[in-house]
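Colleague: Numbering (this note's numbering), first residue to last: 12 to 274. Cβ coordinates follow ideal geometry from the N, Cα and C atoms, glycine included. Everything numeric in this text was worked out from a predicted model, so none of it was measured.
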């Protein structure tokens with residue numbers, strides 16, 4: 012192992028007393044990893060092109076890959092109930108060496124550091140899938156983004172890479188300053204302490220296609236409902252369910268869709 016990311020979910024795993032029955036009694040944490048290949052099993056297909064010495068990012072929940080698997084067959088291997096979960100009930104990446112299924116190995120491109128690659132397997136992919144696959148944000152969209160924490164700020168960068176307009180709200184000025192630094196115009200940032208519905212009115216915002224909520228409080232949910240009255244839209248809520256093994260499922264169940272009529 013060369014690098015491993017530390018996630019808030021690690022704290023949840025340590026403090027949650029209601030662990031699933033399939034969890035090992037003792038296991039090493041770490042579900043964001045990057046390392047060099049030092050050995051390969053006989054079952055690794057040669058056409059994947061992996062070689063000893065390759066730097067790879069390691070996906071903690073690659074799925075079983077089975078064609079009959081309900082989750083893997085529909086493109087959500089992170090929900091697979093049959094696969095091993097590194098650092099989540101099974102030994103993970105906070106160790107000198109780790110084993111990962113070849114389906115969970117991604118060769119790290121040049122210019123990407125091991126620490127960046129490790130974190131990308133969770134904090135970036137979570138935001139990417141929410142924005143690109145679940146919300147299906149396009150260049151022509153206007154997006155309202157609540158929360159610029161670890162996931163939210165990655166979501167912001169994904170949205171900007173897509174080319175959509177993004178309006179942002181956060182409770183920390185340093186996060187808003189960082190959003191401006193990477194190119195979000197000041198007029199698209201809700202000032203600290205400003206009531207979101209009032210700000211939307213004052214700015215003359217008449218169209219929001221997607222609301223992405225990376226906070227998950229009753230207040231942000233209420234504000235999202237108001238914004239939704241501007242036009243039919245989709246809103247996606249992401250939050251920490253308190254048990255990392257349920258987060259993906261919770262995100263799916265808490266993803267809601269409105270078809271609100273304009274006021």
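#1: Among 47, 75, 13 and 217, which one has its Cα closest to the Cα of residue 153?
#2: Which of the three DSSP states, helix, strand or coil, is assigned to residue 114?
#3: For residue 209, name the three-state secondary structure that DSSP assigns.
#4: Could you check whether residue 151 and residue 61 sit closer than 8 Å to each other, using their CB atoms as the reference points?
#5: Per DSSP, what kind of secondary structure is residue 197 in: helix, strand or coil?
#6: For a test of the three-state rule: what should DSSP assign to residue 159, helix, strand or coil?
#7: Could you spell out the range, first to last residue, of the beta strand (DSSP E) harbouring residue 179?
#8: Would the region 223-238 count as touching the region 193-203 if we require 3 or more Cβ pairs under 8 Å?
#9: Looking at the secondary structure, which residues open and close the beta strand (DSSP E) in which residue 70 lies?
#10: Using a Cβ-Cβ cutoff of less than 8 Å, which residues in the same chain neighbour residue 47 once the five nearest sequence positions on both sides are dropped?
#11: Counting along the chain, where does the alpha helix (DSSP H) carrying residue 138 start and finish?
#12: Helix, strand or coil for residue 169 per DSSP?
#13: Is the beta carbon of residue 156 less than 8 Å from the beta carbon of residue 166?
#14: Contact check, residue 76 vs residue 114 under 8 Å by CB: the rounded distance?
#15: Going by DSSP, what residue range makes up the beta strand (DSSP E) through residue 223?
#16: Which first and last residues belong to the beta strand (DSSP E) in which residue 45 is found?
#17: Mind checking which residues open and close the alpha helix (DSSP H) that includes residue 130?
#18: What is the residue span of the alpha helix (DSSP H) that residue 238 lies within?
#19: What residues in its chain sit with their C-beta under 7 Å from that of residue 83, if we drop five residues either side in the sequence?
#20: If you measure between the beta carbons of residue 138 and residue 44, is that distance less than 8 Å?
#21: Under 8 Å by Cβ, that's how I've got residue 35 and residue 101 pegged, so tell me the actual separation to the nearest angstrom.
#22: Taking the alpha helix (DSSP H) that residue 191 falls in, what are its first and last residues?
#23: To the nearest angstrom, how far is it from the Cα of residue 24 to the Cα of residue 183?
#24: From what residue to what residue does the alpha helix (DSSP H) around residue 19 run?
#25: Quickly, what does DSSP pair residue 153 with across the bridge? List them, please.
#26: Label residue 163 either buried or exposed according to how many other C-beta atoms from any shown protein chain fall within 10 Å of its C-beta, with 16 as the threshold for buried.
#27: Three-state secondary structure (DSSP) at residue 32?
#28: Within the continuous alpha helix (DSSP H) that includes residue 84, where are the two ends?
Modeller: According to the structure data:
#1: Reading the chain shown from its first residue, position 142 is the one you call residue 153. Cα-wise, what sits closest to residue 153 is 217.
#2: In the chain shown, counting from the first residue as 1, residue 114 sits at position 103. If DSSP states are grouped into helix, strand and coil, residue 114 belongs with the helices.
#3: Within the chain shown, numbered from 1, the residue matching residue 209 stands at position 198. Residue 209: helix per DSSP, three-state reduction.
#4: Taking the chain shown and counting its residues from 1, one reaches residue 61 at position 50. Taking the chain shown and counting its residues from 1, one reaches residue 151 at position 140. No Cβ-Cβ contact shorter than 8 Å links residue 61 with residue 151.
#5: The count along the chain shown starts at 1 and reaches residue 197 at position 186. The answer is helix: DSSP assigns residue 197 an H, G or I state.
#6: Along the chain shown, one-based indexing puts residue 159 at 148. Three-state result, residue 159: coil.
#7: To locate residue 179, count along the chain shown from 1; it is residue 168. Looking at the DSSP string, the run of the beta strand (DSSP E) that includes residue 179 is 176-180.
#8: The region 223-238 vs the region 193-203: no contact.
#9: Indexing the chain shown from 1 puts residue 70 at position 59. Run containing residue 70: 66-70, per the beta strand (DSSP E) assignment.
#10: Counted from its first residue, the chain shown places residue 47 at position 36. If we look at residue 47 and ignore the five residues flanking it on each side, its Cβ neighbours are 13, 64, 65, 66 and 67.
#11: Walking along the chain shown from the start, residue 138 turns up at place 127. Residue 138 -> alpha helix (DSSP H) spans 136-139.
#12: As a first step, residue 169 must be located in the chain shown, where it is residue number 158. Residue 169 falls in the helix class under three-state DSSP.
#13: As a working note, residue 156 is residue 145 in the chain shown. As a working note, residue 166 is residue 155 in the chain shown. The answer is yes: Cβ separation under 8 Å.
#14: In the chain shown, counting from the first residue as 1, residue 76 sits at position 65. In the chain shown, counting from the first residue as 1, residue 114 sits at position 103. At roughly 5 Å, the Cβ-Cβ gap stays under 8 Å, so residue 76 and residue 114 are in contact.
#15: Here residue 223 is taken as the residue at index 212 of the chain shown, counted from 1. Counting along the chain, the beta strand (DSSP E) containing residue 223 begins and ends at 221-224.
#16: In the chain shown, counting from the first residue as 1, residue 45 sits at position 34. Residues 43-47.
#17: The residue you call residue 130 lines up with position 119 of the chain shown. In the DSSP annotation of this structure, the continuous segment of the alpha helix (DSSP H) that includes residue 130 starts and ends at 125-130.
#18: Residue numbering aside, residue 238 sits at position 227 when the chain shown is read from its first letter. Where residue 238 is concerned, the enclosing alpha helix (DSSP H) stretches over 229-239.
#19: Looking up residue 83 in the chain shown gives position 72. Hits under 7 Å: 74, 75, 76, 77 and 91.
#20: In the chain shown, the residue the question calls residue 138 occupies position 127. In the chain shown, the residue the question calls residue 44 occupies position 33. For residue 138 and residue 44, no; Cβs fall outside 8 Å.
#21: The residue labelled residue 35 in the question sits at position 24 within the chain shown. The residue labelled residue 101 in the question sits at position 90 within the chain shown. Rounded, the Cβ-Cβ distance is 6 Å, consistent with contact.
#22: Position 180 of the chain shown holds residue 191. Start and end: 184-192.
#23: Looking up residue 24 in the chain shown gives position 13. Looking up residue 183 in the chain shown gives position 172. Going by the C-alpha atoms only, they are around 27 Å apart.
#24: In the chain shown, the residue the question calls residue 19 occupies position 8. Annotation for residue 19: the continuous alpha helix (DSSP H) segment containing it runs 19-26.
#25: Against the chain shown, residue 153 aligns to sequence position 142. Residue 153 is bridged to 176.
#26: Position 152 of the chain shown, counted from the start, is the residue given in the question as residue 163. Buried, by the Cβ-count rule.
#27: For the purposes of this step, residue 32 is taken as the residue at position 21 of the chain shown. It is coil, neither helix nor strand.
#28: The sequence position of residue 84 within the chain shown is 73, counting from 1. Its alpha helix (DSSP H) spans residues 81-84.
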